[in-house]
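**Student:** For the sequence shown, this note's numbering assigns the number 428 to the initial residue and increments by one for each residue that follows.
The C-beta atom is built at its ideal place from N, Cα and C for all residues, glycine as well.
My questions will all concern the structure given below.
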Amino acid sequence: MIYKPPQQKLLRWIALFLIGTFLQFLFYIPTPVLSQNSNRCSNITAPLTPEEQTYARGAWQYFVKNYQPATGFTNSTGGYPSGTLWDMGNYLMALNAARWLNLTDQADFDARLNKFLTTLSSLKLFEDALPNKVYNAANAQMVDYGNNPLERGIGWSALDVGRILAAFDVIRTCHPQYNDWLKGIVAKWQVARSLKDGQLFGATVLPDNKTLLVQEGRLGYEEYGARGYGLWGFPAPKAISLEPFKLVEINGVQIPVDTRDFQSTNANNYVVSESYILEGIEFGLQGELADFAARVLDVQKRRYDTTGQLTAVTEDNIDQAPYFLYNTVYANGANWATITDANQPYPQFRSISTKAAFGWRYLFPENAYAQKVFDAVKDLRSPDNSGYYAGIYEESKQPNKALTGNTNGLILEILYYKAKGNHPLIASSSASVSTGKPSENASPATPSNQPNSTVTTPIANQPNSTVTAPTATPPDTSKPKEVAVAPIPPVDSPQPSSQIKMERSLSVIERRYAEAAWRYFQANYHSKNGLIDDRSDFKGATLWGLGDYLAALHAARSLDIITPKEFDQRTRHLLGALIKLPLFAGELPGRSYDTRSLQLVDYGGNPAPEGNGWSALDLGRMLAALYNLKTCHSEYTAAVDKIVLDWSYLRVVREGILSSATVTKEQEGRSLIRVNPETRLGYEEYAARAFQLWGFNVNGSAVGGEYQTALVEGVKVPIQRHRKDSNSKNQYTVSNPFLLYALEFGLDPQMRSLFEPIFQAQAERYRRTGNLTASATTLIDRKPYTVHSTITGKGESWVALGDDGQPVPKGRLVSTAVAFAYHSLLPENKYSQELLQGTTDLYNPLAGFYEGFYEATGKTAVGFTSSTNSMILQSLLYKVTNQQPLIRPTNDMKSPWWQEVSQGNSGRGLPNTAKQQTKLISDSSGSYWVSASEQH
């Protein structure tokens, strides 16, 4: 963001409406209308409290009092008619927020926006390319920073262009009737001139009147600006990559700092709050930027702990010379620097920023320090009701009485974000996700209102994880380095699958959802070894999670979300990694792996060189995915069979029942392996069907027999099998495994008898209470990290449980994946339609679909997983294949696997006969897989 003192922000009006309108149509580029998204914008799931409504009304008054009726623009600072494109973007965001917060009605909104866009359409552009850096808000004239009209102008700011492009995207999404108008404006601008070598470039005029292009943006704002460009189809991959940066220790926190400083580039590398706040409320914090934001908040809290001075620093106008300052965490080699754009120090004017305090409070609502600093400024409004002041000077403790569109606009945007249940405001983007690496060698930052916090993040969204709480590791000590794994050699030319019968193409909306879900697998891909993290906030994977990834790969390719080349490269890399994974006891893949080192770890990520057992359920998930890979893409058959023939099945299949291994330690320190039957309802049945595909006789674990039930909402819901090895100690019923079974294997009569009451109970609860219910196991970003929102668990209905079986108060989630799957399986059901409508907007365009939202508050459950995004992709594929089971049969019984089985006596526990123990059949109720013993 550029330096914008009040005397440097002037705007001028040029009456070229007819020409501007003509050019809009001349340069019009057709794209899909986004009218379906307007409901998402009006969906207020967490209404403002009476106190918050007072905040919003106070901030909106700034724009009421600083409106310029001749142009439709607003003043960037109180009473001063100036504005940059950044300021205009602030106003558009504020106007949109005001509409949905009912601070203004539709007629006023339309009148304001029509006048604004009419003037914007006819602005004189710098070199007829892009808007000038500053205009006069009262007459729309192009001016310089000294308030002098200039025929040519003084250049453009690429960061400001990025800001208004982000605002344009919000307007076209929330008010689709303006879509064509906005497209015409963007088409008229020569946006490509501000891009070079994947970076953002501004323009400035030299003393000799020549134009010089200058790279713009440093860590934080550079990425934010690039995302705005990406929303309109102008990628800037280098600008969004986070590089180059380093970590600098400040107050005990490793802070990310751009290495391009003032001394070497004549541009400041300041670290401030606002760029991360904008990133969070508009795009959603994820990956490295989520980590960076937490660090930037934490270091400000640490300064308060040390000095007693409340700290919330960012750039702000001030009410005295030099009028605009950057209050920073770090700038140009100095900690806590307060500087001008020319790097001149003014430490005496460091202030607590109102907008920064609002931003941190609502981005981190559970953070005690964010609440404390917010309380200091929440009522800092001018007595004449002209809006919020910019902040409080640290030294004098007096208000900084500057009134700005930036402060008040950001407050409105933040409150709208809160009212939407903390949903990011922008839900579509073509910007790519960073793959910057320095943060992998630094400890995750946890805001330190809990001084002795530990990192406790379980790896997998899968059934049998037991969470261990590891202690946070200091930076640059024991963090594993990412190992490189070679893909398997190229296979025969990829063949189009003859197994997938696409009845129709994805709709425009469905394709957007599929692309959003695939983003997870782009954002969490380890390019050196081909693995995917089970969850975005943890460098770990289970076999279940890798099975999810392989299923997602197949779905993405079938839906034409990825190219054949990308599918082949990723598939061969994953198969190469599976070959390299260490086996527990030399038999089977372990329960969890570090996705950087490929070494065995426990569920908390702690090194476990000897492993902690294996999961038959996870193995079943992978076997199902591998089977479908070689069935639908036969060129990988030899590679797949080689992997599964390396494994030993002697102890995982015993007397027709699936068993898993765990490791316990005696007091003397000896490790003891225990192998016990699997009894997890739904998961056992799913895994058994997968083992049957490979010829294993696991009828004792396959769906069938009698099930114990509990009465829930008047419906008999299954809770466990009637058999002696079932263990009711920690049993619970959730939807996930039954939905996965239905999508991949279809609903045979016995599974249907379990599936239907599970769905019916949730629908009945919704009818009784009005609470959307999509019960599932989901992952969240806070303790207990894994939540089982049960239909019934431990003898209670609708209880939320942690992995330890303890209740999680107000922890119930509505699962995004479950909603998508139920709608795909039951598209005509009214309740499944309600579920889908309530969850389709729960995605971050750069990170994938969120896990869901909390039933109690409507707030988004922050967390991204391979399981959720894989199930969404599979659900979309199921829709367009005429609801056929996604696992397809094969006629190739001469592959290496079946040849080895035919030879017998392998010493590896292979099946006794070279025959599948399940078969796909069809009848009047549909197509489904059944056990060989049930075939009729």
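1) With the cut-off set at 7 Å, would you say E714 and A944 are in Cβ contact?
2) As an exercise, report each continuous alpha helix (DSSP H) stretch of at least 4 residues that is fully enclosed by the region 775 to 799, in chain order.
3) Give me the Cβ distance between A1114 and I1100, rounded to the nearest whole Å; I'm assuming they're in contact under 8 Å.
4) Hey, quick one: how far does the alpha helix (DSSP H) through A817 stretch, first residue to last?
5) What's the C-alpha gap between A764 and P774?
6) Give the list of continuous alpha helix (DSSP H) stretches no shorter than 4 residues that lie fully inside the region 1273 to 1313.
7) Over what stretch of residues does the alpha helix (DSSP H) that includes F1247 continue unbroken?
8) Compare the Cα-Cα distances from A739 to each of K782, F751, P772 and report the closest residue.
9) Expressed to the nearest angstrom, what Euclidean distance is found between the alpha-carbon atoms of V1357 and K1346?
10) Taking the straight line between their C-alpha atoms, what separation do you get for S1352 and Q604?
11) Quick one: grab the DSSP three-state call for Q747.
12) Going by DSSP in three states, G863 sits in which element: helix, strand or coil?
13) Pull up the distance between the alpha-carbon of I886 and that of L1085, whole angstroms please.
14) Rounding to the nearest angstrom, what Cα-Cα distance links T1058 and I1348 in this structure?
15) Our contact map puts P508 next to N502 with C-beta atoms below 8 Å; I'd like the distance itself, whole angstroms only.
16) Can you check DSSP and say which residues form a bridge with K673?
17) Just to confirm, is the Cβ distance from I915 to R984 under 7 Å?
18) Mind listing, in chain order, the continuous alpha helix (DSSP H) runs of no fewer than 4 residues lying wholly within the region 517 to 592?
19) Is DSSP giving Q713 helix, strand or coil here?
20) CB-CB under 7 Å to F543, same chain, minus the five flanking residues each way: which ones, in chain order?
21) Roughly how many angstroms lie between the CA atoms of P1272 and L1001, to the nearest whole one?
22) With W608 as the anchor, note down where its alpha helix (DSSP H) starts and where it stops.
23) Is the Cβ-Cβ distance between A968 and L958 less than 7 Å?
24) Which runs of the beta strand (DSSP E) spanning at least 3 residues fall entirely within the region 1027 to 1098, listed in chain order?
25) Going by C-alpha distance, which of D1029, L1005, S1293, A1341 is nearest L1015?
26) Thinking C-beta only, is G1003 closer than 7 Å to G1285?
27) Touch check for the region 681 to 696 and the region 639 to 659: three-plus C-beta pairs under 8 Å?
28) Is the region 1315 to 1323 touching the region 1292 to 1302, taking contact as three or more C-beta pairs under 8 Å?
29) What's the C-alpha gap between R1239 and Y1281?
30) If you scan the region 1132 to 1190 from start to end, which runs of the beta strand (DSSP E) of 3 or more residues do you find wholly inside it?
31) Helix or strand or just coil, what does DSSP make of Q495?
32) Of the choices Q681, K908, L1167, whose alpha-carbon is the least far from that of R729?
33) Could you tell me the distance, in whole angstroms, from the CA atom of F1172 to the CA atom of L1044?
34) Does the structure place the region 776 to 792 close enough to the region 688 to 708 that three or more beta carbon pairs sit under 8 Å?
35) When you measure from the CB of W945 to every non-hydrogen atom of the ligand GDP, does any distance come out below 6 Å?
36) On the three-pair Cβ rule with 8 Å, is the region 831 to 846 touching the region 803 to 820?
**Tutor:** Checking against the coordinates, here is how it stands:
1) It should be pointed out that residue 714 corresponds to Gly in this sequence rather than to Glu. Result no, Cβ atoms of G714 and A944 do not sit closer than 7 Å.
2) Correct list: 781 to 790.
3) Between I1100 and A1114 the Cβ distance is about 20 Å, and since that is not below 8 Å, they are no contact.
4) Taken as a continuous stretch (DSSP letters only), A817 belongs to no alpha helix (DSSP H), being part of the beta strand (DSSP E) at 816 to 820.
5) Looking at the two C-alpha atoms, the distance is approximately 7 Å.
6) Considered as a whole, the region 1273 to 1313 harbours 1293 to 1307 as its complete alpha helix (DSSP H) runs of no fewer than 4 residues, in chain order.
7) Annotation: the continuous alpha helix (DSSP H) that includes F1247 extends over 1243 to 1252.
8) Looking at the Cα atoms, K782 is the closest of the given residues.
9) Answer to the nearest angstrom: the Cα atoms are 6 Å apart.
10) About 44 Å.
11) Q747: coil per DSSP, three-state reduction.
12) Legend: pLDDT at G863 = 28, less than 50; position of this residue unreliable, value from coordinates given subsequently. In the three-state DSSP reduction, G863 falls in the coil class, being neither helix nor strand.
13) Caution is warranted here: a pLDDT of 43 is assigned to I886, below 50, making its placement in the model unreliable, and the coordinate value is therefore given only provisionally. In this structure, the CA atom of I886 is about 23 Å from the CA atom of L1085.
14) For T1058 and I1348, the gap between their C-alpha atoms comes out near 17 Å.
15) At roughly 5 Å, the Cβ-Cβ gap stays under 8 Å, so P508 and N502 are in contact.
16) Its beta-bridge partners are V684.
17) Going by C-beta atoms, I915 is not nearer than 7 Å to R984.
18) At a cut-off of 4 residues, the continuous stretches assigned as alpha helix (DSSP H) that sit fully inside the region 517 to 592 are 533 to 548.
19) Coil.
20) Excluding sequence neighbours, F543 sits near G499, F500.
21) Distance between the alpha carbons of P1272 and L1001 is about 24 Å.
22) It spans 606 to 615 - the alpha helix (DSSP H) in which W608 sits, taken as one unbroken run.
23) Going by C-beta atoms, A968 is nearer than 7 Å to L958.
24) The qualifying runs are 1084 to 1092.
25) Nearest C-alpha to L1015: L1005.
26) In this structure, G1285 sits away from G1003, with a CB-CB distance that is not shorter than 7 Å.
27) With a cut-off of 8 Å, the region 639 to 659 and the region 681 to 696 count as touching, because enough Cβ pairs lie within range.
28) As far as the Cβ criterion goes, the region 1315 to 1323 does not touch the region 1292 to 1302, which means the pair count is below three.
29) In a straight line, the C-alpha of R1239 is about 6 Å away from that of Y1281.
30) Complete beta strand (DSSP E) runs here, min 3: 1134 to 1139, 1142 to 1148.
31) Coil.
32) Distances from the CA of R729 to each of Q681, K908, L1167 were compared; the closest alpha carbon is that of Q681.
33) For F1172 and L1044, the distance between alpha carbons rounds to 16 Å.
34) These segments touch.
35) You won't find the ligand GDP in this model; it holds no ligand whatsoever.
36) A contact exists between the region 831 to 846 and the region 803 to 820.
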